[in-house]
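Peer 1: Residues in the sequence shown are numbered consecutively from 36, following the numbering used here.
Just dropping this structure here.
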Amino acid sequence: GDYAAGTHVIDVGVMHGRYTEQLTELARVIRGEIKNPWPSSHEFHVHETLLAASGYNTFT
36 GDYAAGTHVI DVGVMHGRYT EQLTELARVI RGEIKNPWPS SHEFHVHETL LAASGYNTFT
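Following this line, the structure appears as structure tokens:
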């Protein structure tokens with residue numbers, strides 16, 4: 036490869052607009068302009084997984 040073993044700091048520049056589409060859609064859902072494209076069961080599992088990955092799993 037191009038890099039020797041060890042830690043490297045790679046400058047990839049500033050990223051703009053990475054989540055613009057998702058946040059715009061969320062705002063439209065909150066304002067009631069569109070229906071949430073995900074069922075509540077999906078939202079529940081996303082949050083449950085995030086909590087478990089963070090070490091909080093006393094709910095299981």
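Backbone N, C-alpha and C fix where the C-beta goes; we use that ideal spot for every residue, glycine too.
1) Determine whether the beta carbon atoms of N71 and V64 lie at a separation below 7 angstroms.
2) What's the C-alpha gap between N92 and F79?
3) Just the C-alpha distance for L85 and F94, rounded to the nearest angstrom, thanks.
Peer 2: Per the coordinate set shown:
1) yes
2) In this model, N92 and F79 are separated by some 14 angstroms (Cα to Cα).
3) 13 angstroms
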